[in-house]
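Heads up, the sequence shown is in this note's numbering, so the first residue is 23 and it goes up one at a time.
All C-beta atoms in this analysis are idealised placements derived from N, C-alpha and C, irrespective of residue type, glycine included.
None of the values given here were measured: they were computed from a predicted structure.
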Amino acid sequence: MAFDFRAKANSDHKPHWDWCFRIGSLITALTQGYMVGRYIMGFEQSTEAFGFAWLSALCVTAAYVYIGGAWLVLKTEGDLQIRSARWSRRAGWLAALGILVVSVVNPIVNQQVALRWFSFPEVLLLAPVPLIVLATIFLVDRYLRQVPLVNDLGVRWPFFGVTVIFALSFLGLAYSFFPEVVPGLMTAQEAASSPATLMIVGYGVMIVMPMILLYTFMVYRIFKGKATELSYK
């Protein structure tokens with residue numbers, strides 16, 4: 023909303039809308055991270071649980087900067103690309119800390135999660151997941167440290183790598199808790215609506231989702247390539 027209003031605001035009001043956009047985005051990221059931390063701790067009411075939630079808030083916010091900076095490395099050049107690589111790299115360290123802390127704390131506070139990840143033979147099948155995440159974090163960090171490269175060699179790698187990191191992290195989190203939607207309290211089946219309601223929602227998804235995917239594909243195709251200065255010539 024702040025972004026839309028900024029485009030229509032007078033020049034002297036635009037800095038105020040810039041701050042609204044920054045603060046609103048920051049609050050959104052912090053609250054999402056906070057709720058992820060509360061969720062992992064099973065909404066426990068303790069000092070440790072709240073402390074973990076606040077750490078999660080900072081790390082999730084850093085994760086947004088991590089992937090956002092990687093996207094800017096892909097889309098920009100020159101000084102902005104160099105600064106974006108620096109922002110993304112520094113945020114990546116904090117995001118990596120968050121992934122590590124969650125990976126350690128989650129099995130400790132949830133016995134079911136520990137059994138799922140460390141039982142045999144599951145541990146052999148799942149061991150590559152954290153190894154891939156760690157290797158990708160290292161390779162992305164190494165690339166960002168070298169930006170800019172000649173002819174933007176491998177410029178897509180940071181964004182692709184960060185996407186892989188987050189995809190595996192979310193899949194690991196989903197695997198840890200499924201079928202529970204609230205750890206130890208409620209399963210997905212218990213939280214689901216009636217079959218009739220789910221059927222209506224399902225039909226809606228079947229109609230709307232392809233349109234959203236097509237629209238998203240068209241937008242990214244139209245605006246592919248490096249960002250350039252606005253010109254009406």
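- Under a 10 Å Cβ-count criterion, Leu94 is classified as buried, with 16 or more other Cβ atoms of the shown protein chains found around its own Cβ.
- DSSP places Val184 within a helical segment (H, G or I) once states are collapsed to three.
- Look at the stretch 39-91 and you find no whole run of beta strand (DSSP E) that is 3 residues long or longer.
- Taking all protein chains in view, the Cβ of Thr83 is crowded by 16 or more other Cβ atoms within 10 Å, so the residue is classified as buried.
- Residue burial is scored here from C-beta neighbours: Trp115 has fewer than 16 other C-beta atoms within 10 angstroms and is therefore classed as exposed.
- Excluding the 5 residues flanking it on each side, Ala75 has same chain C-beta neighbours closer than 6 angstroms at Tyr56, Gly59 and Arg60, in chain order.
- Per the Cβ contact rule, the stretch 162-182 is in contact with the stretch 100-108 (3 or more Cβ pairs under 8 angstroms).
- Met208 is bridged by DSSP to Val204.
- Under the Cβ criterion (8 angstroms, minimum of three pairs), the stretch 85-101 counts as touching the stretch 174-192.
- Contact between Ala157 and Gly120 does not hold, since the beta-carbon distance rounds to 18 angstroms and is not under 8 angstroms.
- Look at Ala113 here: in three-state DSSP terms it is helix.
- Contact check for Gly183 against Leu161 passes: the beta carbons are separated by less than 8 angstroms.
- Under the three-state reduction of DSSP, Glu144 is assigned to helix.
- In the assembly as shown, Phe199 is a buried residue. Its beta-carbon has 16 or more other beta-carbons within 10 Å.
- Around the CB of Ala113, 16 or more other CB atoms lie within 10 Å, so the residue is classed as buried.
- Here the alpha carbons of Gly247 and Met240 stand approximately 14 angstroms from one another.
- Under the three-state reduction of DSSP, Gly100 is assigned to helix.
- Minimum Cα-Cα distance from Met63 among the listed residues Val124, Asp40, Asp101 and Cys42 corresponds to Val124.
- Apart from sequence neighbours up to five positions away, the residues of its chain that approach Val145 with a beta-carbon distance below 8 angstroms are Trp139, ordered along the chain.
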